Amino acid sequence: MGLQNPGVDAFIAQELPRLREYDLAVIANISGNTPEEYGGMCEKLSAAGVDMIEVNISCPNVKAGGLAYGTRPELAAEVTAIAKAHSTVPVMVKLSPNVTDIAEIARAVEGAGADALSLINTLLGMRIDVSTRRPVLYQNTGGLSGPAVLPVAVRMVWQVANAVKLPILGMGGVSTGADAAQLMLAGASAVAVGTACFADAYAPLRVRDELLSIAAGQGLKSVSHLTGGIRPW
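Under the working numbering, the first residue of the sequence shown is numbered 18, with each subsequent residue one higher.
Have a look at this one:
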């Protein structure tokens, strides 16, 4: 989990052929330090035949003094437009929750041509070892994921769903079918499972089965009928 990886060239040469052995869509998640780096990766991955590219805009923009792309509408729009210009497959943009108004970022990304959105990325957190008085993480702060972030994810998916017309891949703290159903009711068209896989490698399959059971129990022919079904007060 995290950004560490062997790089786009190694992924295309070593990992993609193995992934192609499965009858599943391949979504490549990319991150970069400059718009040009994003564009170059989109070109390579498109040519390699991935089905979709997920653009992580929570990374620092070295040309903007380290400011994360996902924290400013104009920066988010810039990297989205470049990714679209260099990609021949759909581009999904992953939004950061560490912003004042996530709906504003979503609208900027939609205006720049994104095909879909994924949210949320991790929340910025920090822990301190009381005995040593040092941060637990060497970088002092880090990304918080897992069940604690689910309510934030649900709220932000709901806000974004009411701000744009793009499909949303909801994520953040999903470990049960009910968790997934919450994100879909808030407006997500699909749901991703991440941190839960560390405790249970079969978590995605269990979440899927529980979600299907919830939909069937409510008389729905498809889980897609849950999307946007929230009845707010």
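In this text, a Cβ means the ideal position worked out from N, Cα and C, and glycines have one as well. Computed from a prediction, not measured in an experiment: that's the story for all the values here.
With burial defined as no fewer than 16 other Cβ atoms inside 10 Å of the residue's Cβ, what is the status of residue 106: buried or exposed? buried
Use the C-beta contact count for residue 215: other C-beta atoms within 10 angstroms, 16 or more gives buried, fewer gives exposed. exposed
Check whether the Cβ of residue 97 lies closer than 9 Å to any Cβ atom in chain D. The structure shown has no chain D; it contains just one protein chain.
Exposure of residue 250, with buried meaning 16 or more beta-carbon neighbours within 10 Å: exposed
Boundaries (first-last residue) of the beta strand (DSSP E) holding residue 70: 69-73
Excluding the 5 residues preceding and the 5 following residue 244 in the sequence, name in chain order all residues of the same chain whose CB lies nearer than 6 Å to its CB. 201, 206
Continuous beta strand (DSSP E) assignments of at least 3 residues falling wholly in the region 153-193: 159-161, 185-187
Same chain, Cβ closer than 8 Å to residue 166, five either side skipped, listed in chain order: 114, 137, 139, 140, 189, 190
Return the chain-ordered list of same chain residues with a C-beta closer than 6 Å to the C-beta of residue 213, the five sequence neighbours on each side being excluded. 192, 220
Measure the alpha-carbon distance for residue 236 versus residue 229 and round it to whole angstroms. 11 Å
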